[in-house]
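Taking our numbering, the leading residue of the sequence shown gets 1, the next gets one more, and so forth.
Glycine residues also receive a C-beta, built at the ideal position from the N, C-alpha and C atoms.
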Amino acid sequence: MSAARTHPPALPLAAILAAFAWSFAEATVFFIVADVLLTFIAVAMGLRVALLASLAAAIGAACGGMIMWRYGLSDPAAASRLLAAVPFVSSGMIASGTAGMAGADWPLAMLRGSITGIPYKVYAVAAGKEGLTALLFFSVTIPVRLLRFAVASSLVAAIDAPLRRRFDLRRRLMLLATFWLLFYGEFAWRWFS
1 MSAARTHPPA
11 LPLAAILAAF
21 AWSFAEATVF
31 FIVADVLLTF
41 IAVAMGLRVA
51 LLASLAAAIG
61 AACGGMIMWR
71 YGLSDPAAAS
81 RLLAAVPFVS
91 SGMIASGTAG
101 MAGADWPLAM
111 LRGSITGIPY
121 KVYAVAAGKE
131 GLTALLFFSV
141 TIPVRLLRFA
151 VASSLVAAID
161 APLRRRFDLR
171 RRLMLLATFW
181 LLFYGEFAWR
191 WFS
């Protein structure tokens, strides 16, 4: 068996670890979604590495979510103030996410939130407030976050596939960067308007 098969190359391993760290940070106070990094990985390194990074990101989110869960459990008012201080997290998002976690269908509320833009950190704090067990919340987080991350990575990889014949990697990465700049620019414009 070759060394390449027994030891992953340094670059994909670094990307996978970066996805874990980014998602961990996003689950707490960072406000740029891990999908940004994951989609760049999909373009630069391919879908296989992006899906591995998506799994690492889902685990990272669950780990970061445990910190927010604990904060929501131990000091719900302070945790809510922290959420309100995170850029692009509105009081409406906090109210909606908190209400979603109060129902029996809270896993579906988390899934809806990942599609509608309510940050995962809101659900983590609300899970602590609601007294959900850490193990249950952690175990539901991984598939919910993985689904979103895998869909984003797969979608970008599918869009990138035909572009590979026409554009080099640098241009494709610039196209993706343009998309994310427009995405966050529009989001910021709505936020500050």
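Check	Outcome
Return the Cβ separation of A78 and I16 in integer angstroms, given the expectation that the two are a contact with Cβ distance under 8 Å.	That pair is no contact at about 33 Å.
If A84 sits next to S91, beta carbons under 8 Å apart, how far is it from one beta carbon to the other, in whole angstroms?	7 Å
Grouping DSSP H, G and I as helix and E and B as strand, with all else coil, what is L132?	coil
Does the stretch 127 to 134 come close enough to the stretch 33 to 45 to have 3 or more Cβ pairs within less than 8 Å?	no
Compute the beta-carbon to beta-carbon distance between T28 and M68, rounded to the nearest angstrom, for a pair I have assumed lies under 8 Å.	6 Å
Inspect the beta-carbon positions of A14 and L173 and report whether they are closer than 9 Å.	no
Is V43 helix, strand or coil by DSSP?	helix
I59: beta carbon under 8 Å from a heavy atom of the ligand ADP?	Absent from the structure shown: the ligand ADP. Ligands present: none.
Since V151 and A42 are thought to touch, with beta carbons under 8 Å apart, how far apart are those beta carbons, to the nearest angstrom?	The pair is not a contact, with the Cβ atoms about 11 Å apart (cut-off 8 Å).
Locate the alpha helix (DSSP H) running through I16, then write down its first and last residues.	A10 to T28
Could you give the distance in angstroms between the alpha-carbon of A61 and the alpha-carbon of R171?	30 Å
Using a Cβ-Cβ cut-off of 8 Å (strictly less than) and excluding sequence neighbours within five positions of L147, which residues of its own chain qualify?	L111 and S114
Please report the residue range of the alpha helix (DSSP H) in which S114 lies.	W106 to T116
What do you get for P87, buried or exposed, if any count of 16 or more other CB atoms within 10 angstroms of its CB means buried?	exposed
With the cut-off set at 9 Å, would you say R81 and Y120 are in Cβ contact?	no
Go ahead and pull the three-state DSSP assignment for A95.	helix
When you compare only the Cα positions, how much space is there between A158 and R166?	15 Å
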